[in-house]
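S.K.:
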Amino acid sequence: MAEPIRILHVFGTLGLGGAESRIMDLYRHIDRERVQFDFLVHSDPEATGKKCPTSDELMAVREPDYFDATVKKLGGNIYAIPKFHGTNARDYKNAIRMFFMQHRGEWRMVQGHMTSTAAIYLPLAKSCGINTTIAHARSAGVDPGIKGVVTRIIRSPLAKAGTCDLRFACTENAARSVFGDAMTDDGQVRIIPNAIDLRRFVYNQEIRNKIRNELGLSNAIVIGHVGRFHYAKNHEYLLKVFAEFLRILSHDDSNSFNILHGMRIRLLMLGEGSLMDTMKQLASDLHIDKHVIFCGNKTNANEYYQAMDYFLFPSRYEGLPGTVVEAQSAGLQCLISDSITPEVDITPLVSRMSIEEPPAVWARKILNDLMLRDYRESDSKNEEEIPIGDREASREPVNAMIKKAGFDVRTQAEIMQQFYLTGKF
1 MAEPIRILHV
11 FGTLGLGGAE
21 SRIMDLYRHI
31 DRERVQFDFL
41 VHSDPEATGK
51 KCPTSDELMA
61 VREPDYFDAT
71 VKKLGGNIYA
81 IPKFHGTNAR
91 DYKNAIRMFF
101 MQHRGEWRMV
111 QGHMTSTAAI
121 YLPLAKSCGI
131 NTTIAHARSA
141 GVDPGIKGVV
151 TRIIRSPLAK
161 AGTCDLRFAC
171 TENAARSVFG
181 DAMTDDGQVR
191 IIPNAIDLRR
201 FVYNQEIRNK
211 IRNELGLSNA
221 IVIGHVGRFH
231 YAKNHEYLLK
241 VFAEFLRILS
251 HDDSNSFNIL
261 HGMRIRLLML
271 GEGSLMDTMK
281 QLASDLHIDK
291 HVIFCGNKTN
301 ANEYYQAMDY
311 FLFPSRYEGL
321 PGTVVEAQSA
331 GLQCLISDSI
341 TPEVDITPLV
351 SRMSIEEPPA
361 VWARKILNDL
371 MLRDYRESDS
381 KNEEEIPIGD
391 REASREPVNA
401 MIKKAGFDVR
411 TQAEIMQQFY
421 LTGKF
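Structure follows, in structure tokens:
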């Protein structure tokens, strides 16, 4: 049997991020006897004592990341180049050039999911013999301050012809943000949804009971969130919404939400990141820390959706958050920021509000949703009615909608495998 072709995916890290998770789902479902993935990540060169270390030197001192073991188990290789710091542009370019020269002929395609420096590494990969270079936009925003300004400047060549061969984006908003209106309007960007493994997230009562018992939440109302503790995710607003939720409920003298009286209320958050300690302190300052559970990263995150009763996602910006798709697959009502791309509104389970609204407005919306006061039948684009509030009954129609919208990774794996093998869709 012929050796599989190999595709190199470029990331910042192999941590538990949305883009990384989506590629791993794809990786698990392609025919790896025909197509194999390798990964190039960015690592701090300081521990090597060199400004321009080789991949082997970086890998020797690099701490394993979340998905390292998965990649190796599936037959992939992991390589590293130095992180780009702005002041090390020459060393960064030299390291990339040296890497691709050393591995000339190993990959048919290089797919860059880290678009902040894709305009640097993709042309260098092309000059070293890579047949097809792809920039894949995963986010519709950038970090605040000077870092965001620099990112926009460095990646601006991606909006011009010749920087890469192909352009992918998870949503139209992401396409416009990274590649510009002209290329997007001209059809030069292919939209590829962030697909998930639906079978892992579909609602399951037994798993719900198991996780809730493990957490000691068998008789609680659980509002959930899944996301790394990063500026984009807006955890400070989320915590303020939850604090208002508790305040309104505790002062409900008119018994507007009487069904919820006396019930334990918890905010369950999965994820890790640089802002996690800051958010723990904010929860304490808001006097809600006894009601908030910081779970960190979980290998069985899919099971934690089952334990939730509602999903809250007030991000400042996103590409296409797979977590919102996952939450819908689990049958959860979702309240999300209106800055998030509309492609994620796959089922009537999703509602939107502006993060410019006071947190109390979001809190009242959640309370009304939990009381099922805002019962929404399917709109005209949906063929089936969704019994919101009955996760068991809504399981099949919800997941049929998600699959029809192109978010099933098994279907996407067939499409992408054909592309990797032939270069055509």
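If you read the sequence shown in the numbering used here, its first letter stands for residue 1, the second for the next number, and so on. The beta-carbon is built from N, C-alpha and C at its ideal position, and this holds for glycine as well.
(1) So which of Arg352, Tyr121, Leu58 has the shortest CA-CA distance to Asp165?
(2) For the region 339–347 against the region 277–294, are there 3 or more C-beta pairs whose distance is under 8 Å?
(3) What are the residues that DSSP puts in a beta bridge with Cys334?
(4) For the alpha helix (DSSP H) containing Gly180, name the first residue and the last one.
(5) Per the contact definition of three or more C-beta pairs closer than 8 Å, is the region 198–216 in contact with the region 34–50?
(6) Can you find at least 3 beta carbon pairs, one from the region 249–264 and one from the region 178–195, that sit closer than 8 Å?
(7) For my contact list, Gly271 and Gly227 are in at a C-beta cut-off of 8 Å; report their separation, rounded to the angstrom.
(8) Could you pull out every residue in the same chain whose Cβ sits closer than 6 Å to the Cβ of Val110, ignoring the five residues on either side in sequence?
(9) Round the Cβ separation of Val189 and Arg155 to the nearest angstrom and send it over; I've been treating them as touching at under 8 Å.
(10) Identify every residue that forms a DSSP beta bridge with Asp38.
(11) Report the residue from Val150, Glu326, Ile146, Pro193 whose alpha carbon sits nearest the alpha carbon of Ala169.
(12) Can you tell me which of the three DSSP states Phe407 falls into?
(13) Take the Cβ of Gly162 as the centre, count every other Cβ of all protein chains shown within 10 Å, and call the residue buried at 16 or more, exposed below.
(14) I need the straight-line Cα distance from Ser250 to Leu372, nearest angstrom please.
(15) Just verifying my parser: in three-state terms, what is the DSSP assignment at Leu16?
(16) In its own chain, which residues sit with a C-beta less than 8 Å from the C-beta of Arg32, not counting the 5 before and 5 after it?
(17) From Tyr420 to Ala393, what distance separates their C-alpha atoms?
(18) Which residue marks the beginning of the beta strand (DSSP E) containing Pro144, and which one marks its end?
(19) For Leu320, which of helix, strand or coil comes out of DSSP?
(20) Which whole-angstrom value is the C-beta distance of Pro321 and Tyr237, which I expect to be below 8 Å?
(21) Could you tell me which whole alpha helix (DSSP H) segments of length 4 or greater appear in the region 196–240?
(22) Exposed or buried, what is Arg199 when buried is set at 16 or more other beta-carbons lying within 10 Å of its beta-carbon?
(23) Which of helix, strand or coil does DSSP assign to Ile386?
(24) Run through DSSP, which three-state label would Lys381 get?
(25) Which residue from Ala159, Leu312, His235 puts its Cα closest to that of Asp277?
(26) Looking at Val325: is its Cβ nearer than 7 Å to the Cβ of Phe229?
(27) Does the distance between the C-beta of Arg199 and the nearest non-hydrogen atom of the ligand FMN fall short of 6 Å?
(28) Buried or exposed: where does Thr87 fall if 16 or more other Cβ atoms within 10 Å of its Cβ makes it buried?
(29) So, using beta-carbon positions, are Ala283 and Leu312 closer together than 7 Å?
(30) Among Met114, Pro348, Leu246, which residue has its Cα nearest to the Cα of His287?
(31) From the DSSP output, read off the bridge partner residues of Gly296.
(32) Determine the closest residue to Leu26 out of Gly224, Ala195, Leu267, with distance taken between C-alpha atoms.
(33) Give me the Cβ distance between Arg138 and His113, rounded to the nearest whole Å; I'm assuming they're in contact under 8 Å.
(34) Determine, using beta carbons only, whether Trp362 and Val241 come nearer to each other than 7 Å.
(35) Nearest to Phe100 by CA position, among Thr54, Arg62, Asp143, Thr115, is which residue?
M.R.: So, to answer that:
(1) Looking up residue 165 in the sequence shown gives position 165. That would be Tyr121, whose Cα lies nearest to the Cα of Asp165.
(2) no
(3) Translated into positions along the sequence shown, residue 334 becomes position 334. DSSP output for Cys334 lists Phe311, Val350 as bridge partner(s).
(4) As a first step, residue 180 is located in the sequence shown; it is residue number 180 there, counting from the start. That run of the alpha helix (DSSP H) goes 172–185.
(5) Judged by pairs of C-beta atoms under 8 Å, the region 34–50 does not touch the region 198–216, as fewer than three such pairs exist.
(6) no
(7) Stepping through the sequence shown from its first residue, residue 271 is reached at position 271. Stepping through the sequence shown from its first residue, residue 227 is reached at position 227. Right, their Cβ atoms sit about 5 Å apart.
(8) As a first step, residue 110 must be located in the sequence shown, where it is residue number 110. Excluding positions up to five away in sequence, the list reads Leu8, Ala125, Ile130, Thr133.
(9) Reading the sequence shown from its first residue, position 189 is the one you call residue 189. Reading the sequence shown from its first residue, position 155 is the one you call residue 155. Not really, about 14 Å apart at Cβ, beyond 8 Å.
(10) Taking the first residue of the sequence shown as position 1, residue 38 is located at position 38. Looking at the DSSP assignment, Asp38 forms a beta bridge with Leu8.
(11) Within the sequence shown, the letter at position 169 stands for residue 169. Minimum Cα distance to Ala169 is reached at Pro193.
(12) The sequence position of residue 407 within the sequence shown is 407, counting from 1. If DSSP states are grouped into helix, strand and coil, Phe407 belongs with coil.
(13) By 1-based counting over the sequence shown, the position of residue 162 is 162. Gly162 is exposed by the Cβ-count criterion.
(14) Locating residue 250 in the sequence shown gives position 250, counting from the first residue. Locating residue 372 in the sequence shown gives position 372, counting from the first residue. Their Cα atoms are separated by approximately 19 Å.
(15) Position 16 of the sequence shown, counting from 1, holds the residue named residue 16. Three-state result, Leu16: coil.
(16) As a working note, residue 32 is residue 32 in the sequence shown. Taken in chain order, the residues that qualify are Pro4, Leu74, Gly75.
(17) Taking the first residue of the sequence shown as 1, we reach residue 420 at position 420. Taking the first residue of the sequence shown as 1, we reach residue 393 at position 393. Going from the Cα of Tyr420 to the Cα of Ala393 covers about 39 Å.
(18) Sequence index remark: in the sequence shown, residue 144 carries index 144 (1-based). Counting along the chain, Pro144 falls outside any beta strand (DSSP E), and DSSP gives it neither H nor E.
(19) By 1-based counting over the sequence shown, the position of residue 320 is 320. Looking at Leu320 - three-state DSSP - the assignment turns out to be coil, as it is neither helix nor strand.
(20) Within the sequence shown, numbered from 1, the residue matching residue 321 stands at position 321. Within the sequence shown, numbered from 1, the residue matching residue 237 stands at position 237. Going by Cβ atoms, the distance from Pro321 to Tyr237 rounds to 15 Å, so no, they are not a contact pair.
(21) 198–201, 205–215
(22) Translated into the one-based positions of the sequence shown, residue 199 becomes position 199. Exposed, because fewer than 16 other Cβ atoms sit within 10 Å of the Cβ of Arg199.
(23) Along the sequence shown, read from residue 1 onward, the residue named residue 386 stands at position 386. In the structure shown, Ile386 sits in coil (DSSP, three-state: anything other than H, G, I, E or B).
(24) Here residue 381 corresponds to residue number 381 of the sequence shown, with the count starting at 1. A caution first: Lys381 carries a pLDDT of 43, below 50, which makes its placement in the model unreliable, though a value can still be read off. Coil.
(25) Taking the sequence shown and counting its residues from 1, the one referred to as residue 277 is at position 277. Looking at the Cα atoms, His235 is the closest of the given residues.
(26) As a first step, residue 325 is located in the sequence shown; it is residue number 325 there, counting from the start. As a first step, residue 229 is located in the sequence shown; it is residue number 229 there, counting from the start. No, the Cβ-Cβ distance between Val325 and Phe229 is not below 7 Å.
(27) Because no ligand of any kind appears in the structure shown, any question about the ligand FMN cannot be addressed here.
(28) For the purposes of this step, residue 87 is identified with residue 87 of the sequence shown, where counting begins at 1. Thr87 comes out exposed.
(29) Position 283 of the sequence shown, counted from the first residue, corresponds to residue 283. Position 312 of the sequence shown, counted from the first residue, corresponds to residue 312. Cβ distance not < 7 Å, so Ala283 and Leu312 don't count as in contact.
(30) The sequence position of residue 287 within the sequence shown is 287, counting from 1. When only C-alpha atoms are compared, the closest one is Leu246.
(31) To locate residue 296, count along the sequence shown from 1; it is residue 296. BP columns for Gly296 point to Leu270.
(32) Along the sequence shown, read from residue 1 onward, the residue named residue 26 stands at position 26. Comparing Cα positions, the closest option is Ala195.
(33) One-based indexing of the sequence shown puts residue 138 at position 138. One-based indexing of the sequence shown puts residue 113 at position 113. With 8 Å as the limit, Arg138 and His113 qualify as a contact, their Cβ atoms being about 6 Å apart.
(34) Against the sequence shown, residue 362 aligns to sequence position 362. Against the sequence shown, residue 241 aligns to sequence position 241. Yes, they are a contact pair.
(35) In the sequence shown, residue 100 corresponds to position 100, counting from 1. Phe100 has its Cα closest to that of Thr54, out of Thr54, Arg62, Asp143, Thr115.
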